[in-house]
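Report on the structure given below.
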Amino acid sequence: MRIRSIFLLVAALLAAFAAPASAQWLAPADVVVTPRGNGPINPDRAAAEAAYGAASDPARQAALAANLDRWREMPAQLGQRHLWVNVPAQEVVLVEYGRAVGRWNVIVGRPTTPTVSFSTEVTGVNLNPWWYVPQSIVRESIGALVRNRPAEARRRGYVVSNGSYRQRPGPGNALGRMKLVMPNNHAIYLHDTPSRHLFDRENRTFSHGCIRVEDAMGFAATLLGLERQELEAMAADGRTQTVNLAEPIPVHITYFTAVEGQGGEAELLDDIYGRDRG
46 MRIRSIFLLV AALLAAFAAP ASAQWLAPAD VVVTPRGNGP INPDRAAAEA
96 AYGAASDPAR QAALAANLDR WREMPAQLGQ RHLWVNVPAQ EVVLVEYGRA
146 VGRWNVIVGR PTTPTVSFST EVTGVNLNPW WYVPQSIVRE SIGALVRNRP
196 AEARRRGYVV SNGSYRQRPG PGNALGRMKL VMPNNHAIYL HDTPSRHLFD
246 RENRTFSHGC IRVEDAMGFA ATLLGLERQE LEAMAADGRT QTVNLAEPIP
296 VHITYFTAVE GQGGEAELLD DIYGRDRG
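Each residue of the sequence shown is one higher than the one before, counting from 46 in the numbering used here.
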């Protein structure tokens with residue numbers, strides 16, 4: 046509790062000097078403390094460190110050690126305003142000036158097509174996006190659909206040109222009504238989905254690796270500093286367009302099964318990809 050108290054005090058002092066008056070404060074459990082070298086300081090990390098020293102069960106100790114290794118690989122500076130995706134928690138958190146100001150459930154990759162961990166920047170929101178189908182998905186399903194049921198493929202908006210498969214914007218588009226512009230080498234994006242019923246599931250490992258966001262338009266409006274109705278109006282004509290952010294936002298896609306629970310002690314989430322076993 047002493048360690049956690051120190052973290053909360055530091056966060057409160059930083060927030061008092063740095064945060065705008067309009068910031069939306071959440072409960073102390075949502076505090077994310079300013080990072081330092083050798084990975085960031087974070088209540089989840091502190092809880093894992095404390096639990097590792099007290100752990101007697103070899104499996105639990107190994108899981109905690111794996112999490113601590115991942116913390117040491119994280120950038121020391123996460124950004125005053127950043128997005129934090131923890132795949133085992135199946136959520137994305139918007140952090141501003143050391144505090145979580147919004148949380149959204151997400152759908153992540155299946156164990157056979159896992160969501161990879163990396164950091165990049167979000168530069169904008171692409172409304173009514175085209176979906177450029179990855180070759181892995183072409184081989185798995187879309188290629189056969191186009192060959193064997195071309196009329197159905199056209200009805201669903203698929204277009205093939207020079208071996209490239211795309212899907213037109215529309216109600217059935219796999220990316221839904223928006224995706225974040227976040228350059229990376231993994232073809233991983235945060236985006237909307239037409240399959241919104243899957244957010245009712247507790248375990249949401251259904252994607253090919255991309256990250257589907259619940260209430261994606263509300264999420265995008267928050268990032269852009271717009272009212273949801275404004276963004277809905279911009280997207281209403283169905284035209285593909287990109288709305289740039291005023292400033293890029295770092296996004297960190299992570300895999301931490303050890304998180305701070307009630308009372309400040311570490312809890313282990315389901316190791317959905319088996320990464321804690323080495």
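Think of the CB as a built atom: it goes at the ideal place given N, C-alpha and C, for glycine as much as any other residue. None of the values given here were measured: they were computed from a predicted structure.
Next item on the list: Would you mind giving the Cβ-Cβ distance between V151 and E259, rounded to the nearest angstrom? I have them listed as a contact below 8 angstroms.
Entry: The Cβ separation is near 7 angstroms, so the contact holds.
Check: Which of helix, strand or coil does DSSP assign to V191?
Finding: It is helical.
Next item on the list: Reducing DSSP to helix, strand and coil, say where S3 ends up.
Entry: No statement about residue 3 is possible, as the shown extent of the chain runs from 46 to 323 and does not include it.
Check: Who are the Cβ neighbours of P159 in its own chain at under 7 angstroms, not counting the five residues just before and after it?
Finding: Contacts found: G254, Y318.
Note to self: Which of the three DSSP states is assigned to L225 in this structure?
What the structure shows: Note: L225 maps to strand in three-state DSSP.
Next item on the list: Flag this pair as yes or no: are the beta carbons of H231 and V161 separated by less than 7 angstroms?
Entry: Yes, the Cβ-Cβ distance between H231 and V161 is below 7 angstroms.
Checklist line | Cα-Cα separation between D206 and D89, rounded to whole angstroms | finding: Checking the sequence shown, residue 206 turns out to be Ser, not Asp. Rounded to the nearest whole angstrom, the CA to CA distance from S206 to D89 is 47 angstroms.
Item checked: For V146 and A68, the rounded distance between their alpha carbons -> At A68 the pLDDT is 36, less than 50, meaning the model places this residue with poor confidence and gives no usable figure here.
Item checked: C-beta contact flag for D321 and A189 at 7 angstroms -> One thing to note: D321 has its Cβ no nearer than 7 angstroms to the Cβ of A189.
Note to self: On the CB-based measure, 16 or more other CB atoms within 10 Å of its CB, does A198 come out buried or exposed?
What the structure shows: A198 comes out buried.
Margin query: Measuring only the C-alpha atoms, how far is T165 from N248?
Written below: Roughly 26 angstroms separates the two Cα atoms.
Item checked: Start-to-end residues for the beta strand (DSSP E) that takes in P293 -> For P293, the enclosing beta strand (DSSP E) stretches over residues 286-299.
Next item on the list: Please report how far the alpha carbon of P120 lies from the alpha carbon of G283, in whole angstroms.
Entry: Answer to the nearest angstrom: the Cα atoms are 38 angstroms apart.
Notebook entry, point to check: What first and last residue would you give for the alpha helix (DSSP H) that runs through W34?
Noted result: Residue 34 falls outside the range modelled here, since the chain spans only 46 to 323, and no answer is possible.
Next item on the list: For A100, I'd like the list of residues in its chain whose CB is within less than 8 angstroms of its CB, leaving aside the five on either flank, ordered along the chain.
Entry: Excluding sequence neighbours, A100 sits near Q106, L109.
Next item on the list: Go ahead and pull the three-state DSSP assignment for E259.
Entry: Correct three-state label for E259: coil.
Next item on the list: Could you tell me the boundaries of the alpha helix (DSSP H) in which A107 lies?
Entry: Per DSSP, the unbroken alpha helix (DSSP H) holding A107 starts and ends at 103-118.
Check: Does DSSP put S186 in a helix, in a strand, or in coil?
Finding: S186 sits in a helix when the DSSP states are folded into three classes.
Next item on the list: Would you tell me roughly how many angstroms separate the C-alpha atoms of I233 and I256, rounded to the nearest one?
Entry: The alpha-carbon atoms of I233 and I256 are separated by roughly 7 angstroms.
Checklist line | Classification of D237 by the beta-carbon crowding that lies within 10 angstroms, buried from 16 upward | finding: D237 is buried by the Cβ-count criterion.
Item checked: Exposure label - T299; buried when at least 16 CB within 10 Å -> With 16 or more Cβ atoms within 10 Å of its Cβ, T299 is classed as buried.
Item checked: Close-in-space but distant-in-sequence residues of the same chain around N171 (CB under 6 angstroms, 5 per side omitted) -> Within its own chain, the residues whose Cβ lies closer than 6 angstroms to the Cβ of N171, once the five positions on either side in sequence are excluded, are K224, V226, T287, listed in chain order.
Next item on the list: Apply the 10 Å Cβ neighbour rule to Y177 and answer buried if 16 or more other Cβ atoms are within range, or exposed otherwise.
Entry: Its Cβ having fewer than 16 others within 10 Å, Y177 is exposed.
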